[in-house]
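Read the structure below first, then the notes.
Residue numbers (this note's numbering): 30 to 93.
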């Protein structure tokens, strides 16, 4: 697990009022396909999706 995933899990554990260690154990039990689906769901639940879209739009504008 990398730092980006750990940060996402910590944020989601706080948001969902869950124990981070239990969430991490659950995460490690998932296959890569399940992790991809859950990562997208967590990002959507946290509302982080908008931030990612804005960053990519700004980068595209700078490159033009």
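Cβ coordinates follow ideal geometry from the N, Cα and C atoms, glycine included.
Values in this document were obtained by computation on a predicted structure and should not be read as measured data.
For the alpha helix (DSSP H) that contains residue i, what are its first and last residues?
i, result
"residue 60", "Note, residue 60: premise wrong, no alpha helix (DSSP H); not H, not E."
"residue 42", "32-44"
Taking a contact to mean a Cβ-Cβ separation below 8 Å, would you say residue i touches residue j in this structure?
i, j, result
"residue 59", "residue 38", "no"
"residue 56", "residue 64", "yes"
"residue 75", "residue 41", "yes"
Can you look up residue i in the DSSP assignment and give me helix, strand or coil?
i, result
"residue 71", "helix"
Closest to residue i by CA distance: which of the options is it?
i, options, result
"residue 31", "73, 68 and 77", "68"
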